[in-house]
Structures are given as structure tokens and as C-alpha cells.
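The structure appears below as C-alpha cells.
Chains as they are written, first to last, in this note's numbering: chain R, 21 to 149; chain P, 21 to 149.
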């Protein structure tokens, strides 16, 4: 058994989590029986540590931690390894695989570029080839 | 003449801006003569106000402001409208068009879901159909 944790920063505004919930739904639409959980650095719960404890308690042997961040800043570089190290000590049997921040992947950057072009390019004049 | 401002949070780590620079490059690869600028809320320069002043000084009549945020949190909901309002008062001729946060667009959410699935799904066994 394995699980996926979508780990994001969190914010005071509850609506901030909505795109994360939509991302979880998009994953589940392809793999309906996947165990996909959200976790947050601050302001929202569960924390990453709590989510890892819950995954371990579920009996999963493997978890993929996906940082849903635009870039590998201090949070992903410094905070996350410390949280994972502590979780590995609490749950030595659980294999924890930390992935690249989603915003650093070329596929996501290309999709963002397409959105910008779609939203900003003037429409060609009517009758243009 | 029009311009695009990719507006992001900013961070202390200079490497944080790298995906933004890659996003700018991806846009320019489709529209090489576009005027695409980065701007930041904090920690990095130029600020959004500075970028808007520079766009106005360039003689552009229109600017699209694209929030490169995962979600419409307090920064996008509260801070950005105030910055834009002040810029509109300084530059009444410049038309400023604020767009949805990129992370809220379905195209970007779908790309993120694909990345998660690519990175986490077990490979099918050799010889599987």
C-alpha cells in the first residue's frame, strides 16, 4: 500500500486550499482508489508531520511527498527535510519519497505559459488566415 | 503597445525566481517580441508598483498582470488591488488588466495532476498489455 501527500504552504483564507482540492480530485479522476492526502506547512491542517503519521497508521509502506510549491525555496529546501527526517525516525518502516516542487517541472511551466498566452494574446482579426 | 507582468511572491533565496524566469522564457519562445516582465511582492525586485511604473514609462497603453500564485490568497485578493489602484492613479492612461492566479486555472491543475501521476504511479510489469 502506498499514499501520496500533496504538501502546500497553507494560508489563513480557507479558499486558498481550493486549487489543492481540485488537484487531488484531478488525480483521483485518473486513479480513483489512490490514497491522496493534503498537508500544509502552516495556517492549515493537517501538518505534514500529522499526515505522515496518519499514512503510517494506515499501514502504508510507501508515501510520495509532492511539494505543491512554485519553486524550491527555503520551505522546501530546509523545512521539509527536517520534517521528513523526524518522520523517518518515528516510522522506520515507512519509505518516504520526496519529489521536486511541482512548479519546477517543465510540464507545469509549459501549461502556465499556454495560459498566459491564451489570456493575453490579441485575437487575430476576423478573416485572418 | 502592451506588456505582460508575471507577478509572484518572491523569496530570500535567489534561486526561487528560476521557475519564473523559465516561465518568461517559455512565453518568449512563442512570442519573441512580447514585453514580458517579472515583479514581486516581497524579498525580490522589481516590486509590482515599480514594474507598472516602468511599463508606463515605456509608453505601453495596456498591461496584463498575471499572478503567478498557486491560489487566490490574501496577497492576490487584498494586496494586489491596492497596488493596482495606486498605479491607476499615477498612470491614468495605462489600462491594467488583472488576471486569475495561474494555479487556479484548470489547465495548470491538470498539468500538475499529470506530473504527480507520472512521478508516483508504479510502472506496469514487463510484458503487460
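Backbone N, C-alpha and C fix where the C-beta goes; we use that ideal spot for every residue, glycine too.
Boundaries of the beta strand (DSSP E) in which residue i is found, first to last residue
i: residue 110 of chain R; result: Not the beta strand (DSSP E): residue 110 of chain R falls in the alpha helix (DSSP H), residues 100-110.
i: residue 84 of chain P; result: 82-87
i: residue 137 of chain R; result: Segment 126-140 is the alpha helix (DSSP H) holding residue 137 of chain R; no beta strand (DSSP E) there.
i: residue 115 of chain R; result: 115-118
i: residue 27 of chain P; result: 22-28
i: residue 57 of chain R; result: 56-60
Segment limits, alpha helix (DSSP H) that includes residue i
i: residue 73 of chain P; result: 68-77
i: residue 45 of chain P; result: 38-50
Residue i: contacting residues in chain P (beta-carbon distance under 8 Å)
i: residue 91 of chain R; result: 31, 35, 36, 37, 38, 39 and 40
Any non-hydrogen atom of the ligand NAD closer than 7 Å to residue i Cβ
i: residue 69 of chain R; result: Judged by which ligands are present, the structure shown has none, so any question about the ligand NAD falls away.
Interface partners of residue i on chain P, CB under 9 Å
i: residue 102 of chain R; result: Chain P residues near residue 102 of chain R: none, gap ~16 Å exceeds 9 Å.
is_contact[residue i, chain R] using C-beta, thresh 8 Å
i: residue 43 of chain P; result: yes
i: residue 80 of chain P; result: no
i: residue 125 of chain P; result: yes
i: residue 106 of chain P; result: no
i: residue 116 of chain P; result: no
i: residue 28 of chain P; result: yes
Residues that residue i contacts on chain R, provided the C-beta gap is smaller than 9 Å
i: residue 84 of chain P; result: 136, 139 and 140
i: residue 14 of chain P; result: Residue 14 of chain P lies beyond the residue range present for chain P, which begins at 21 and ends at 149; the question has no answer from this structure.
Chain R contact residues for residue i, given Cβ-Cβ distances below 7 Å
i: residue 122 of chain P; result: 132 and 135
i: residue 113 of chain P; result: Residues of chain R passing the Cβ test: none, with the nearest at roughly 19 Å.
i: residue 77 of chain P; result: Result: empty, since nearest Cβ-Cβ is about 20 Å, beyond 7 Å.
Cutoff 8 Å: residue i Cβ touching any chain P Cβ
i: residue 74 of chain R; result: no
i: residue 59 of chain R; result: no
i: residue 71 of chain R; result: no
Margin query: Quick test of the definition: if touching needs 3 or more C-beta pairs under 8 Å, does the stretch 114-122 of chain R touch the stretch 77-95 of chain R?
Written below: Result yes; three or more Cβ-Cβ pairs closer than 8 Å.
Next item on the list: Examine the Cβ distances between the stretch 26-42 of chain P and the stretch 100-110 of chain R and report whether three or more of them are shorter than 8 Å.
Entry: With the cut-off at 8 Å, the stretch 26-42 of chain P and the stretch 100-110 of chain R do not touch.
Next item on the list: Take every Cβ of the stretch 126-136 of chain P, pair it with every Cβ of the stretch 117-129 of chain R, and state whether three or more of those distances are shorter than 8 Å.
Entry: Counting C-beta pairs closer than 8 Å gives three or more between the stretch 126-136 of chain P and the stretch 117-129 of chain R, which meets the contact rule.
Notebook entry, point to check: At a cut of 8 Å, does the stretch 63-74 of chain P reach the stretch 24-35 of chain P through at least three beta carbon pairs?
Noted result: By the C-beta criterion, the stretch 63-74 of chain P is judged to be in contact with the stretch 24-35 of chain P, since at least 3 inter-stretch pairs fall below 8 Å.
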